[in-house]
Structure formats: C-alpha cells, structure tokens
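> Can you keep this structure in mind? I'll have questions shortly.
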Amino acid sequence: MRMTRTYIITGSASGIGEATAQKLKSLGQKVIGVDIHKADVVADLSTHQGRIDAAKKTIELSKNSIDAVIACAGLAYPTAATVQVNYFGVTEFVTELLPTLTQSKTPRVVITSSVASIMPNSTELVDAMLANDEAKAVEIAQALVDAGGGGEQLIYGSTKRAISRWIRQQCLKPQWAAAGIPINAVGPAIVKTPMVDQLIKTAEERDGLSKLVPMPLNGFMEPETVASLLIWLTGVNNTHVTGQTIYIDGGFERIVRGEDVWSWHQ
Ligand code: NAD
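Residue numbers (the numbering used here): 3 to 268.
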C-alpha cells in the first residue's frame, strides 16, 4: 500500500510551483501551498516575520506531519527584494520547518536555483548571504541598484549562486545527513512561466533570449518538466542524491562550463 506524503510547496500560485502542486495532487499526494496570494498559507517570505508566521501556519495545517519541502517562490527583478525572497525566504523558512520534517520517515528538501548560479555574480553579495547576514546582503544589493550601470543585474545570479552553495554547506551537517534528509536544488534554464512570459512577448524577444541562454536540446521548457525532477528529488526513491544542483537546461550548463568539469583535481 502506497502512503500519502505531505509536501510543502512555496510559490504554489504560479509557474513551476503551481505545476508541481498540480502534479503531486494528481498523484494523490497532500500539498500545502505557500505564496503571497492564492495559497493555503498566504505569507510574505521576503520578511523575517512573514517566514516565521508562514512556518507556524504550515506546521499547524500539516498537523505536525511534513515529508518534503519544495521551495519555488522567487523573484527575478534586479532589486534587494530578490535577495530577501530567493535566499532568506528559502533558508529561514526551510530551517523553521526542519524539526517537523525530521520526524518524517523519508524527509526531503529541494530548492529551485537556476542556471543563473553559474553566471556572473557579486562575490561580496554571495558571501553576505552565506554568512546569514540579511541586513548586509540587502545593503549590498541596494548599493548595486543605486549605482546603476548594470551591476544590479548581478543580484539574481548571486541569489542563485548562494542558494546552490547553501545546500552544499548544509547537506553534510548532522541535522541533514545523519537525519536522513537529502537537500538538493534544480537549475533550470528558460521555463515558460509568468516570470519569463513578460520577457518573450515578441518573436524578436524570444530570439534574443534564445541567443543569451541557448538550449540545444529541445529549447524552452514547460514548468511540468521541472516539476517531474522536483518530484523525483523529493520522492522516497531519492535516498542518496544530496548537495547537488541538477541542471535541467537543454545543454546550457555544458556550454558554459565546458566538457571537463573534473580538472579541479588532477
Ligand atoms: P513565477 O513568477 O511564475 O512564480 C513565482 C511565485 O513566487 C509566484 O507565485 C509568486 O507569488 C511567489 N512569490 C514571489 N514573491 C513572494 C513572496 N515575497 N512571498 C511568497 N511568495 C512569493 O516564477 P517561476 O518561473 O515559476 O519561478 C519559480 C522559481 O524558479 C523561482 O525561484 C525562479 O527564480 C526559478 N527559476 C525560474 C526560471 C524560469 O525560466 N521561469 C528559470 C530558472 C529558475
């Protein structure tokens, strides 16, 4: 007999989070959606209080039974709010759920990073996030915005670099590895969701984005494609994949990083 699992999905009102929630529900799983609107738990993950309140309500609604967290809420704007949602809106919320998650027999976590994690970023901003210094990270991001001249375009990639590094920082710690919790990320290239729809309204814009983020294998993808990978990574069959960012990108990561990703060690 198959057991029903309880999945917490942030960003469940749109795009990848919505597609994942629908797919899991169609498989008979229990889903608690968290979003700033249209969700079981309506919460603003950009603030400390919003994350604490969201975690409390989520745990209550789950009746203290959480098997997996799938963190999809995110912003792609070149603003300081992107740091608050994409990094701290994940790390603080997930950490708050950890004691409840640990009680599951098969606990799992996955986060949506991005191919932007391997694109240009601000080392100073990434370091502030990894140091868990939200005030400093916001200050650095705001300074990039105020300075203009394109530096603000580093903010999104920096949040995704930091989140992909955070899972590696965390995954071996006793509260994760010894507790039997795989924690991973996915790194999509271009997914046809409201986040990118606004950028590809014309054929010219679509062409421009394809040149910026080439995807030789099958081109732009549907959110359901990413949902399938998120569901596998948080399913009971994932017993040993941890600390990874799985690029789901039609070959873009291969183009950027080249064939040899092993030469860091001779
Ligand atoms: P989307 O805009 O369709 O959905 C994002 C969701 O996050 C929305 O429902 C939104 O309301 C929610 N959200 C935003 N701010 C919030 C806040 N403060 N509190 C609570 N919820 C909030 O975007 P998407 O394309 O589905 O993106 C999902 C994730 O995947 C994001 O982290 C994004 O960075 C990442 N991603 C997307 C793409 C892409 O091409 N679409 C590529 C790589 C990575």
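We put the beta carbon where it would ideally sit given N, CA and C, even for glycine.
In this text, all values refer to a predicted model and were calculated from it rather than measured experimentally.
Where DSSP assigns a beta bridge to Thr227, which residues make up the other side?
Partner(s): none; Thr227 has no beta bridge.
> How long is the line joining the alpha carbons of Asp274 and Arg167, rounded to whole angstroms?
Only positions 3 to 268 of the chain appear in the structure, and residue 274 is not among them; the question remains open.
> Three-state secondary structure (DSSP) at Arg110?
In the structure shown, Arg110 sits in a strand (DSSP, three-state: E or B).
> Report yes or no: do the segment 148-157 and the segment 193-206 share at least 3 C-beta pairs separated by less than 8 angstroms?
Cβ pair count under 8 angstroms is below three, so no.
> Between the alpha carbons of Glu98 and Leu219, how many angstroms are there, rounded?
Straight-line Cα distance between these residues: approximately 38 angstroms.
> Check Tyr158 in the structure and name its three-state DSSP category.
Helix.
> State the start and end residues of the unbroken alpha helix (DSSP H) segment that holds Thr18.
The identity of residue 18 in the sequence shown is Ile, whereas the question assumes Thr. Run containing Ile18: Gly17 to Ser28, per the alpha helix (DSSP H) assignment.
> Would the beta-carbon of Ser119 fall within 8 angstroms of that of Gly189?
In this structure, Gly189 lies closer than 8 angstroms to Ser119 by Cβ.
> Are Gly159 and Pro216 close, meaning C-beta to C-beta below 8 angstroms?
Cβ distance not < 8 angstroms, so Gly159 and Pro216 don't count as in contact.
> With 8 angstroms set as the bound, which would you pick, yes or no: does the beta-carbon of Thr104 sit closer than that to a beta-carbon of chain C?
Absent from the structure: chain C. Only one protein chain is present.
> Does the Cβ-Cβ distance between Ile185 and Thr104 come in under 8 angstroms?
Against a cut-off of 8 angstroms, the Cβ pair of Thr104 and Ile185 comes out as no contact.
> Starting from Pro176, trace the beta strand (DSSP E) both ways and give me its first and last residue.
Premise fails: Pro176 is in no beta strand (DSSP E) and is neither H nor E.
> From Ser116, Ala82 and His50, pick the residue whose C-alpha is nearest to that of Asp251; which is it?
Here the closest residue by C-alpha is Ser116.
> Any heavy atom of ligand 1 closer than 7 angstroms to the CB of Met217?
No, ligand 1 has no heavy atom inside 7 angstroms of this Cβ.
> Which residue comes first and which comes last in the beta strand (DSSP E) that contains Asp37?
Looking at the DSSP string, the run of the beta strand (DSSP E) that includes Asp37 is Lys32 to Asp37.
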